[in-house]
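Under this note's numbering, the residue at position 72 of the sequence shown is numbered 126, and the numbers go up by one with no gaps. Where is the CB? At the ideal position from N, CA and C, for every residue including glycine. Predicted model, so just to flag it, every value in this text is computed and none were measured. Structure first, then comments.
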Amino acid sequence: MTQKEFSETINFHSSSLRLHALNFTKDPEDANDLLQDTLLKATRFVSKFEDGTNIKGWLFVIMRNTFINNYRKCLKTREHITQEEEITYANLFHSAETNGSVGNFAIQDIKRALDLLPEKYSSSFIRYFEGYKYHEIADQMQIPLGTVKTYIHEARLLLKKHLKQYRS
């Protein structure tokens with residue numbers, strides 16, 4: 055099968071693939087992303103497709119496997135997210151969005167609480183909050199990985215103590 059024939063064939067099946075993706079994701083935007091990922095993988099691995107086999111079935115299998123892999127990746131990401139009662143951007147944002155003036159007070163309180171932290175705790179916590187991984191913080195600060203984890207944990211405990219009025 056030539057590349058042109060392959061492209062025409064997967065283009066022909068794209069509408070049924072999109073419906074299948076919608077069954078998986080239950081969201082039109084996510085379905086479009088899944089369809090795009092599926093067609094991209096199919097195009098990349100066209101050499102693995104054997105002529106004479108069911109191309110629609112092959113595409114559906116690629117889509118199913120892509121969806122499962124993405125789902126597993128999301129689960130792993132959720133495992134690394136901190137507990138709800140811990141200080142997180144989502145919790146701080148929720149407490150700050152209720153009212154503009156209340157939000158300004160919350161931001162001021164957060165800044166004060168961060169200023170009260172010992173330097174070793176605040177510097178590692180702020181880096182973590184900015185999105186750095188534990189090992190990156192350890193490399194930047196030239197301290198052991200376990201120490202970074204301890205500093206961040208202690209910072210969270212102190213921030214929780216100083217910001218307890220914002221717990222929901």
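Per the coordinates, the alpha-carbon of A167 lies some 11 Å from the alpha-carbon of K218. Using a Cβ-Cβ distance cut-off of 8 Å, the stretch 110-124 and the stretch 67-78 are in contact, since at least three pairs of beta carbons, one from each stretch, lie closer than that value. Beyond the five residues adjoining it in sequence on each side, K174 comes within less than 7 Å, by CB distance, of Y205 in the same chain, given in chain order.
In the three-state DSSP reduction, I180 falls in the helix class (H, G or I). In this structure, the straight-line span from the alpha carbon of S69 to that of N86 is close to 11 Å. Just so you know, the alpha carbons of T79 and M117 end up roughly 11 Å apart. Judged by their CB atoms, L199 and A192 are nearer to each other than the 8 Å cut-off.
Following the DSSP letters along the chain, one finds P198 in no alpha helix (DSSP H), marked with neither H nor E. Boundaries of the alpha helix (DSSP H) harbouring F60: Q57 to T79, taken from the DSSP string. Rounded to the nearest angstrom, the gap between the Cα atoms of L88 and Y186 is 28 Å. Annotation: V100 to I64 spans about 11 Å, alpha carbon to alpha carbon.
Secondary structure at N108: coil, using DSSP grouped into helix, strand and coil.
F179 counts as buried, since no fewer than 16 other beta carbons sit within 10 angstroms of its beta carbon. Scanning its chain for C-beta atoms nearer than 8 Å, with the 5 sequence neighbours on each side dropped, one finds around T92 the residues L71, A75, L113, I116, M117 and T120, in chain order.
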